[in-house]
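Q: Residues in the sequence shown are numbered from 14 upward in steps of one, following my numbering.
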Amino acid sequence: MRAQLEHDFERFRAELPRDFPALVRERYRIDLSARYLGEPIPHPVGKASGQLSLKQEQLETDADAGLAFVVLKTVIAQDERGDQSMAAWAIHETRMTVESIHSQDGRIGWTVTWKGRGWDRPFEAYLDLVRAGRDLTGQGRLLVAPSIKYHLPLLDEPFREAEYRFTTEAVAKAWGPSPLLLEKDFSPTLSGDPLADERDRILRWIGEVPRLVRAHAPHGARVALKLMNARFGDEFQVEMLRQSAAGGADAAIVFNRLFDPERKVAYGGWDLSNQNLRVLTLARESGASENIRLSGTGNICSGRVLLNYARLGCESVQLHTFFQLPLGAYASTGGSRTSRALHMLIFHPQDGLLAGMLELEHAGRLHRQNGELRFLDIAANP
């Protein structure tokens, strides 16, 4: 199988077949099936909300490349008058800068830097994007989920439910008669904002937002909370995860990028994945992650890092930076960046997902069921 993997890695340099999960199942007897927000997906790799998911053309490219799912750019909630309590996050994005970053342990990784936050275009344009995502989802080409930043109150302040009602109803109407899959975005820039300077305030948001969203989704909703890295240390991160489950969230995205208060930008790299994996280890040991589905994010730059998240309970992962590297950083010589990234993440003969799963089998830590290795068995039985 190792020789076959090296052969396929070379063979797919020019173009990765869109149906590669079926090929993997046939050739390697490995089932890459995964889940995002409880929905079945053909493999675990999706695209996180951001600048790479704000146009229909981007969604079409990702569907053609065989990506499993995409989370749309985060829209800022508004009421029926168009008022936005979180309007400070609806600011225009500057050009993204892809750059190397040195971690505290000396490793060099990648990060993407830009100034800007959420959707800064007309709300109706976002609904058009939701409709495009709905169609791709209905066709089985790509699972798409909207992302929304709703009002977050002070501790003694009520939620502005008019924003929750208007925005959720509008997005649900654009989505159609099936239950809405939705991410609530706790932006990494929120970590540096005075709004997030109290633990109890943050825990209140996490505990109450899922109920408010569902109350205004006419056909039901599954709500994922994309949790930020707050300023209060590992134990508080674990408490955020525990509160997500207690508050009724269907899933948590663990965890959003780190925030540099001096430069006032979010960043990634190995410091991010080191922290995220450390917190997920504590959460698993304490039982805080038992009652909620997890999707991992943060410096997923190889299949091995992907497996590290999976072994701590993540049923899928979502990337942003790895889809933006210089073309020379990928092994592929053709195809979109999405396709090139998938080629590296899945088929790299040393650091790819398949190589890692075969090593787990060889070590006796992953076993075949009915002749197959299954990705989801890793998350269920680390």
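Don't be surprised by glycine CBs; every beta carbon is placed ideally from N, CA and C.
1) Here's the rule I'm using: 16 or more other beta-carbon atoms within 10 Å means buried, otherwise exposed. How should T202 be labelled?
2) Name the residue from D390, A393, G365 and I391 whose alpha carbon lies nearest to the alpha carbon of L18.
3) What first and last residue would you give for the beta strand (DSSP E) that runs through R235?
4) Specify whether the stretch 257-266 and the stretch 289-298 touch according to this definition: at least 3 beta carbon pairs, one from each stretch, less than 8 Å apart.
5) Go ahead and pull the three-state DSSP assignment for Q337.
6) Name, in chain order, the residues that DSSP records as bridge partners for V125.
7) Going by CA-CA distance only, name the one from Q337, G326 and E73 that's closest to R147.
8) In the DSSP assignment, the alpha helix (DSSP H) including Y322 goes from what residue to what residue?
9) Going straight from the alpha carbon of R144 to that of G377, what length do you get?
10) So, does the stretch 41-59 touch the stretch 78-97, judging by three or more C-beta pairs under 8 Å?
11) In the DSSP assignment, what residue or residues form a beta bridge with L332?
12) Starting from P223, trace the alpha helix (DSSP H) in both directions and tell me its first and last residue.
13) Please report the straight-line C-alpha distance between C327 and L50, rounded to a whole angstrom.
14) If you follow the beta strand (DSSP E) that Y49 is part of, which residue opens it and which one closes it?
15) According to DSSP, which residues form a beta bridge with A264?
16) Between which two residues does the beta strand (DSSP E) containing F82 stretch?
17) Just the C-alpha distance for I161 and V267, rounded to the nearest angstrom, thanks.
18) P207: which of L379, R381, H361 and L167 sits nearest, CA to CA?
19) Less than 7 Å between C-beta atoms, sequence neighbours within five positions excluded: which residues of the same chain meet that for L156?
20) How many Å lie between N97 and P339 at the Cα?
21) For N383, does the count of other Cβ atoms within 10 angstroms reach 16, so buried, or fall short, so exposed?
22) With distances taken from CA atoms, which of G282, W283, D284 and L307 is nearest L293?
23) Here's the rule I'm using: 16 or more other beta-carbon atoms within 10 Å means buried, otherwise exposed. How should I215 be labelled?
24) Give me, in chain order, the residues of the same chain whose beta-carbon lies closer than 8 Å to that of R38; leave out the 5 immediate sequence neighbours on both sides.
25) Counting C-beta neighbours from all protein chains within 10 Å, is the total for E211 16 or more, i.e. buried, or is it exposed?
26) Check Y163 in the structure and name its three-state DSSP category.
27) Rounded to whole angstroms, what's the CA-CA distance from T110 to S302? Just pull it up for me.
28) Quick one, are the C-beta atoms of A368 and I305 less than 8 Å apart?
29) Assign F136 to one of three DSSP states: helix, strand, or coil.
A: Result, derived from the coordinates:
1) Taking the first residue of the sequence shown as 1, we reach residue 202 at position 189. Classification for T202: buried.
2) As a first step, residue 18 must be located in the sequence shown, where it is residue number 5. Proximity to L18 across D390, A393, G365 and I391 peaks at G365, based on C-alpha coordinates.
3) For the purposes of this step, residue 235 is taken as residue 222 along the sequence shown, with counting starting at 1. Segment A234 to K239, the beta strand (DSSP E) holding R235.
4) A contact is defined here as three or more CB-CB pairs under 8 Å, and the stretch 257-266 fails this definition with respect to the stretch 289-298.
5) As a working note, residue 337 is residue 324 in the sequence shown. Note: Q337 maps to coil in three-state DSSP.
6) The residue labelled residue 125 in the question sits at position 112 within the sequence shown. BP columns for V125 point to V111.
7) Residue numbering aside, residue 147 sits at position 134 when the sequence shown is read from its first letter. Checked all of Q337, G326 and E73; the closest Cα to R147 is E73.
8) Looking up residue 322 in the sequence shown gives position 309. Start and end: G316 to A323.
9) As a position in the sequence shown, residue 144 is number 131, starting the count at 1. As a position in the sequence shown, residue 377 is number 364, starting the count at 1. Going by the C-alpha atoms only, they are around 46 Å apart.
10) Two segments are said to touch when three or more pairs of C-beta atoms, one from each, lie closer than 8 Å; by this definition the stretch 41-59 touches the stretch 78-97.
11) Walking along the sequence shown from the start, residue 332 turns up at place 319. When beta bridges are read from the DSSP output, L332 appears opposite K60.
12) Here residue 223 refers to the residue found at position 210 when the sequence shown is read from its first residue. Per DSSP, P223 is one residue of the alpha helix (DSSP H) stretching across R212 to R227.
13) Within the sequence shown, numbered from 1, the residue matching residue 327 stands at position 314. Within the sequence shown, numbered from 1, the residue matching residue 50 stands at position 37. The straight-line gap from Cα to Cα measures roughly 11 Å.
14) Within the sequence shown, residue 49 is the residue found at index 36, counting from 1. Run containing Y49: A47 to Y49, per the beta strand (DSSP E) assignment.
15) Numbered from its first residue, the sequence shown carries residue 264 at position 251. Note: A264 sits in a beta bridge opposite A237 and R306.
16) Position 69 of the sequence shown holds residue 82. From DSSP, the beta strand (DSSP E) with F82 extends over F82 to I89.
17) For this step, residue 161 is matched to residue 148 along the sequence shown. For this step, residue 267 is matched to residue 254 along the sequence shown. Taking the straight line joining both Cα atoms gives about 17 Å.
18) Locating residue 207 in the sequence shown gives position 194, where the first residue counts as 1. When only C-alpha atoms are compared, the closest one is L167.
19) One-based indexing of the sequence shown puts residue 156 at position 143. These residues qualify, in order along the chain: Y49, E52, I54, A81, F82 and T150.
20) In the sequence shown, residue 97 corresponds to position 84, counting from 1. In the sequence shown, residue 339 corresponds to position 326, counting from 1. A small fix is needed here, since residue 97 is Gln in this sequence, not Asn. Cα to Cα, the separation comes out at about 37 Å.
21) In the sequence shown, counting from the first residue as 1, residue 383 sits at position 370. Looking at its Cβ environment, which holds fewer than 16 other Cβ atoms inside 10 Å, N383 is exposed.
22) Start at 1 with the first residue of the sequence shown, and residue 293 comes out as number 280. For L293, the closest of G282, W283, D284 and L307 by C-alpha to C-alpha distance is L307.
23) In the sequence shown, the residue the question calls residue 215 occupies position 202. When all chains shown are included, I215 counts as buried.
24) What you label residue 38 is simply residue 25 of the sequence shown in a count that begins at 1. Answer for R38: D44, L45 and E385, listed in chain order.
25) Locating residue 211 in the sequence shown gives position 198, counting from the first residue. E211 comes out exposed.
26) The count along the sequence shown starts at 1 and reaches residue 163 at position 150. In the three-state scheme derived from DSSP, where H, G and I count as helix and E and B as strand, Y163 is classed as coil.
27) As a first step, residue 110 must be located in the sequence shown, where it is residue number 97. As a first step, residue 302 must be located in the sequence shown, where it is residue number 289. If I take the Cα positions, the gap works out to 34 Å.
28) By one-based count along the sequence shown, residue 368 stands at place 355. By one-based count along the sequence shown, residue 305 stands at place 292. In terms of Cβ geometry, A368 and I305 do not form a close pair [threshold 8 Å].
29) The count along the sequence shown starts at 1 and reaches residue 136 at position 123. If DSSP states are grouped into helix, strand and coil, F136 belongs with the helices.
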